[in-house]
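Working notes, structure below.
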Ligand code: GLY
Ligand code: MN
Ligand code: MN
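Residue numbers (the working numbering): 342 to 771.
Next up, the structure:
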């Protein structure tokens, strides 16, 4: 791994917290993700299963965690399995974790080779009153590829059909949605890298540069600072491309007089930043661009202030739409009288210019796990990302910051980023 090793205490604490949520006599089993194939003998770099990582800190394929807090023998209460290396693997792939390194990373004392997993599992199953298994229950997940965890669930059901199986996801979501201090340090690092990339991009952007060249500026900054790279495929869209919500081509030239929208985040140790900034390609806002930009900024601030403990995400969304309606009326994009006549729950007029959600949980996943109906709590981290997209003007503006819900006030984790019109213009014309 490139990043500095994280204190194993974080992962030990995560396991302890999960153990408290598990039913008496139950066992939880989580597998690493597969290394995914591409074509011929090609593979993608491993993207670790986030639950496995959260419980162990292990960033290596073919790893498994067993948590069995009430196991008769103490050595069975936490077991980590890692892939045994060989002369051949070390020549072709490099070093893998030794057992003692795996203990150092995770804090788990009992480490075995993955090849022995079946034997241990078979030995423990008769003791388990119920078994928690990992499924991906993210509302937006649309997965056709069978994961290692999904394969394992089938194997379990075939081999031990009369066991009582439980969903691990609600427990993991409950834990992961509240961020620990050590996690916040990692997340802030991802955000700081994103800021460096943004400042570099501000110096670079001028009429005639390619969207892909801006992407390269960010990547250079992230990787040279030991990130694996982007937290998600970046969106760099100038002019009309800024109105394409999931624009990924990044293949157009940025023209004088356009604004360029950049939805980019760095990854750090599997935590993710998620930022959007929109700036004028020539470094100076026109009056219209400034008005639209300040409208988005005003909605973003109002929306951030509203997102306090106890608020539901539904209320947050509705409140933001109300704020947005006021701004769209001021911009002359919707008619105040017509707005009064519409269904107040649907507000179709706003949706013509602002058609996506206001934000999401952020953490080990960019669209992090959580329960959409659970009210906001201290320790959660959300993105706040309103936008106005005026296709008839080839103008799209989105601003996205990441905020921590604090007890007395929210903390904007992007506090150092330029965001005011003057700050952007100064940084671009310095
Ligand atoms: N970049 C993905 C998002 O903003 O949700
Ligand atoms: Mn984003
Ligand atoms: Mn986002």
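Here a beta-carbon is modelled for each residue, glycine too, at the ideal position from N, C-alpha and C.
field: For residue 369, three-class secondary structure by DSSP
entry: Here residue 369 is taken as the residue at index 28 of the chain shown, counted from 1. Correct three-state label for residue 369: strand.
query: Expressed to the nearest angstrom, what Euclidean distance is found between the alpha-carbon atoms of residue 397 and residue 453?
result: Walking along the chain shown from the start, residue 397 turns up at place 56. Walking along the chain shown from the start, residue 453 turns up at place 112. Taking the straight line joining both Cα atoms gives about 14 Å.
query: If residue 589 and residue 574 are in contact, beta carbons under 8 Å, what's the gap, nearest whole angstrom?
result: Working through the chain shown from its first residue, we reach residue 589 at position 248. Working through the chain shown from its first residue, we reach residue 574 at position 233. Indeed they touch by this definition, with Cβ atoms about 5 Å apart.
- prompt: Among residues of its own chain, excluding the 5 on either side of residue 418, which ones have a beta-carbon nearer than 7 Å to its beta-carbon?
  reply: Taking the first residue of the chain shown as position 1, residue 418 is located at position 77. Within the same chain, residue 418 has close Cβ partners 409, 410, 412.
task: Starting from residue 579, follow its DSSP beta bridges and name the residues at the other end.
output: What you label residue 579 is simply residue 238 of the chain shown in a count that begins at 1. DSSP lists 601 as partners of residue 579.
query: Less than 9 Å separating the beta-carbons of residue 534 and residue 607?
result: Here residue 534 corresponds to residue number 193 of the chain shown, with the count starting at 1. Here residue 607 corresponds to residue number 266 of the chain shown, with the count starting at 1. Contact flag set, yes.
field: Spatial distance of residue 689 from residue 756 (CA atoms)
entry: Here residue 689 corresponds to residue number 348 of the chain shown, with the count starting at 1. Here residue 756 corresponds to residue number 415 of the chain shown, with the count starting at 1. Approximately 33 Å between the Cα atoms of the pair.
field: DSSP three-state assignment for residue 402, whether helix, strand or coil
entry: Counted from its first residue, the chain shown places residue 402 at position 61. Of the three classes helix, strand and coil, the one that applies to residue 402 here is coil, per DSSP.
- request: Answer yes or no: the CB of residue 730 versus the heavy atoms of ligand 1, is any distance below 8 Å?
  value: The residue given as residue 730 occupies position 389 in the chain shown. Checking every heavy atom of ligand 1 against the Cβ of residue 730, none is found closer than 8 Å.
message: On a Cα-Cα basis, can you pick out the residue from 597, 584, 556 that is closest to residue 577?
response: Numbered from 1 along the chain shown, position 236 holds the residue referred to as residue 577. For residue 577, the nearest C-alpha among the options comes from 556.
message: Measuring CB atoms only, is the segment 536-556 touching the segment 744-754, in the sense that at least three cross pairs come out at less than 8 Å?
response: Cβ pair count under 8 Å is below three, so no.
- request: Run through the segment 646-683 for me and flag every whole alpha helix (DSSP H) of 4 or more residues, listed as ranges in chain order.
  value: DSSP runs (the alpha helix (DSSP H)) wholly in the segment 646-683: 654-671, 677-682.
message: ligand 1 and residue 781: does any heavy atom of the ligand fall closer than 8 Å to the residue's C-beta?
response: Residue 781 lies beyond the residue range present for the chain, which begins at 342 and ends at 771; the question has no answer from this structure.
- prompt: Mind checking residue 432: buried by the 16 CB within 10 Å criterion, or exposed?
  reply: By 1-based counting over the chain shown, the position of residue 432 is 91. Per the 10 Å Cβ criterion, exposed.
message: As an exercise, report each continuous alpha helix (DSSP H) stretch of at least 4 residues that is fully enclosed by the segment 520-604, in chain order.
response: 522-545, 552-565
message: Quick check on the burial criterion: 16 or more other C-beta atoms within 10 angstroms. Buried or exposed for residue 759?
response: As a first step, residue 759 is located in the chain shown; it is residue number 418 there, counting from the start. Per the 10 Å Cβ criterion, buried.
message: I'd like to confirm something about residue 619: is its beta-carbon nearer than 8 Å to some heavy atom of ligand 1, or not?
response: Position 278 of the chain shown, counting from 1, holds the residue named residue 619. For ligand 1, not one heavy atom lies less than 8 Å from the Cβ of residue 619.
- request: Sort out for me which residues DSSP pairs residue 454 with in a bridge.
  value: On the chain shown, residue 454 is found 113 positions in, with the first residue counted as 1. Looking at the DSSP assignment, residue 454 forms a beta bridge with 423.
query: Should residue 641 and residue 600 be called a contact, given that it needs their Cβ atoms to be closer than 9 Å?
result: Start at 1 with the first residue of the chain shown, and residue 641 comes out as number 300. Start at 1 with the first residue of the chain shown, and residue 600 comes out as number 259. Not closer than 9 Å, so no.
- prompt: Relative to the alpha-carbon of residue 391, which residue among 544, 517, 436 has its alpha-carbon at the smallest distance?
  reply: Mapped onto the chain shown, residue 391 falls at position 50. Comparing C-alpha distances from residue 391 to each of 544, 517, 436 shows the shortest one belongs to 517.
message: Tell me the rounded alpha-carbon separation between residue 352 and residue 406.
response: For the purposes of this step, residue 352 is taken as residue 11 along the chain shown, with counting starting at 1. For the purposes of this step, residue 406 is taken as residue 65 along the chain shown, with counting starting at 1. Taking the straight line joining both Cα atoms gives about 12 Å.
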